[in-house]
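Residue numbers (the numbering used here): -1 to 465. Even for Gly, the Cβ is constructed at its ideal location relative to N, Cα and C. So the structure is just underneath, and the comments pick up after that.
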């Protein structure tokens, strides 16, 4: 009996033992050769160190944001594990206030004059803003250190972009990627062309490099099994990631800036089995758009999940679903199994009153949209627009027919500011209805959302419930 008690006590002590702290490691990536002066922004000086150690300088990149009034924002990135301290010095004047977003992270900081410091114990993507300036702010992106499978230029099956600037061949808009390829952008690599995955399978795109001002970031069309992770995309002319009639797409830890019309973040057209997680999208068009058929792409949309991400729509929608489809056959398509959860929306600014909404389902072109979940979403600011919009739409600008219907949509654990315009639930007619919309623990401007009293509606909706 004593031996049993002794053994149990050892097991209990082992379970209560404090785990060894992770040694701090900081990895600062080289500045790409050939762009040293062209991509620097001196609005801030940023340094990082292990606690009590020597400060290390970071390179402050610039990116353009906000199509309404394009300005230069700042960005730094590095890898680490353990605990680090970050110092941000505002170089133009003294700061009176500061904010680190997403607010839900609750990052504590110290501000003295123009110098802000804070600590990090795990990788996060942050916006650091002084005196309410959300345009000339600083974006800080961090990753855990890469694993042991980092390829080299000689690794079989690898398309390797090493340190420096890479441009496509004359007359080409990008680099065509074959099947069964790992495309690796090494630290310090800048690729100035589209990565084209067309009619391919089993492609992985990753690394610590950047795509800079490509015509389009990554194109995934008529393909299967494509993963994009960790890279940064700066100011593509059009989409950051474009998916057309493809399946088994994963986009993970991608960061993006854009500032021109039609420079959406991640657009999914007639795709299925799509996972988007851990992304930071700051775009001057929709951050995440899920459509039915468009252009030459055909087919339904099924099983799209977006989670653990930050969305910042300087222009247009953080999330936009269903406005485009195919009507020539008179049948239409179905978009179903769409999940959006644990998302921080930092901004929504859409001037077009016919198509607004942070969480927007505008169902057009004979689409049927059903089985949609918005869960654990925090909306911090709506400059122009509304918290949500559910509408069977028939817009002369975008559509050739109204959508068939919206069914089975759940909003759960939503926290939002109010926004200048009331939310909307609007069907089209008795044949194009909105049904079975459920609100659970939705709070707007601190008030529980319990009725349709302050929602724009019509008679073509049914079974709207509140919990």
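Cutoff 7 Å; reference residue i; Cβ partners in own chain excluding five residues on either side
| i | result |
| --- | --- |
| residue 460 | 431, 433 |
| residue 236 | 213, 214, 260, 261 |
| residue 198 | 175, 176, 177, 221 |
| residue 142 | 77, 79, 121 |
| residue 425 | 390, 431, 432, 456, 458, 459 |
| residue 445 | none |
| residue 55 | 45 |
| residue 173 | 166, 191, 193, 194 |
| residue 171 | 191, 192, 213 |
| residue 420 | 384, 452, 453, 454 |
| residue 258 | 65, 235, 282 |
| residue 427 | 458 |
Identity of the residue in the options nearest residue i by Cα
| i | options | result |
| --- | --- | --- |
| residue 336 | 274, 383, 328 | 274 |
| residue 72 | 298, 317, 43 | 43 |
| residue 362 | 392, 343, 381, 368 | 392 |
| residue 96 | 41, 57, 107, 89 | 107 |
| residue 268 | 424, 281, 294 | 294 |
| residue 180 | 204, 241, 166, 446 | 204 |
| residue 19 | 119, 422, 281 | 119 |
| residue 325 | 380, 343, 398, 339 | 398 |
| residue 380 | 41, 436, 343, 368 | 343 |
| residue 116 | 329, 251, 98 | 98 |
| residue 277 | 340, 242, 270 | 340 |
| residue 435 | 429, 231, 423, 245 | 423 |
| residue 84 | 110, 48, 92 | 48 |
| residue 256 | 67, 447, 94 | 67 |
| residue 314 | 452, 387, 57 | 387 |
| residue 211 | 401, 151, 33, 156 | 33 |
| residue 200 | 244, 189, 208, 163 | 244 |
| residue 81 | 24, 322, 454 | 24 |
| residue 271 | 131, 283, 297, 292 | 297 |
| residue 396 | 415, 350, 378 | 350 |
Where residue i sits in the DSSP three-state scheme
| i | result |
| --- | --- |
| residue 102 | helix |
| residue 270 | strand |
| residue 131 | coil |
| residue 294 | coil |
| residue 415 | coil |
| residue 460 | strand |
| residue 221 | coil |
| residue 449 | coil |
| residue 174 | strand |
| residue 251 | coil |
| residue 3 | In this predicted model, residue 3 has a pLDDT of only 47, less than 50, meaning its place in the structure is not dependable enough to derive any value. |
| residue 454 | strand |
| residue 187 | strand |
| residue 384 | coil |
| residue 434 | strand |
| residue 148 | coil |
| residue 228 | coil |
| residue 202 | strand |
| residue 467 | The displayed coordinates of the chain run from -1 to 465. Any statement about residue 467 would go beyond what the structure contains. |
| residue 277 | coil |
| residue 346 | strand |
| residue 389 | strand |
| residue 236 | coil |
| residue 140 | strand |
| residue 125 | strand |
Short Cβ contact (7 Å threshold) for residue i with residue j
| i | j | result |
| --- | --- | --- |
| residue 148 | residue 114 | no |
| residue 224 | residue 247 | yes |
| residue 347 | residue 389 | no |
| residue 409 | residue 464 | no |
| residue 63 | residue 265 | no |
| residue 443 | residue 411 | no |
| residue 145 | residue 161 | no |
| residue 330 | residue 365 | yes |
| residue 317 | residue 367 | no |
Sequence-distant residues of the same chain with beta carbon closer than 6 Å to residue i, five excluded per side
| i | result |
| --- | --- |
| residue 370 | 336, 407 |
| residue 319 | 288, 359 |
| residue 279 | 254, 263, 285, 309 |
| residue -1 | Residue confidence for residue -1 is low, a pLDDT of 45 falling below 50, so the modelled location carries little weight and cannot support an answer. |
| residue 241 | 218, 247, 266, 269 |
| residue 357 | 317, 372, 386 |
| residue 157 | 179, 181 |
Residues of its chain near residue i, where Cβ-Cβ distance is below 8 Å and the 5 sequence neighbours each way are ignored
| i | result |
| --- | --- |
| residue 60 | 37, 38, 39, 70, 71, 72, 73 |
| residue 227 | 202, 203, 204, 248, 249, 250, 251, 252 |
| residue 93 | 109, 111, 112, 114, 128, 129 |
| residue 450 | 423, 462 |
Beta carbon proximity, residue i to chain B, threshold 7 Å
| i | result |
| --- | --- |
| residue 162 | In the structure shown, chain B cannot be found, because there is only a single protein chain. |
Could you tell me which uninterrupted alpha helix (DSSP H) segments, each at least 4 residues in length, are contained entirely in the segment 14 to 82, listed from first to last along the chain? none
What ranges does the beta strand (DSSP E) occupy inside the segment 280 to 344, keeping only unbroken runs of at least 3 residues that lie completely in it? 286 to 289, 299 to 311, 317 to 319
So within the segment 350 to 374, which uninterrupted beta strand (DSSP E) runs reach at least 3 residues, ignoring any that extend past its ends? 357 to 361
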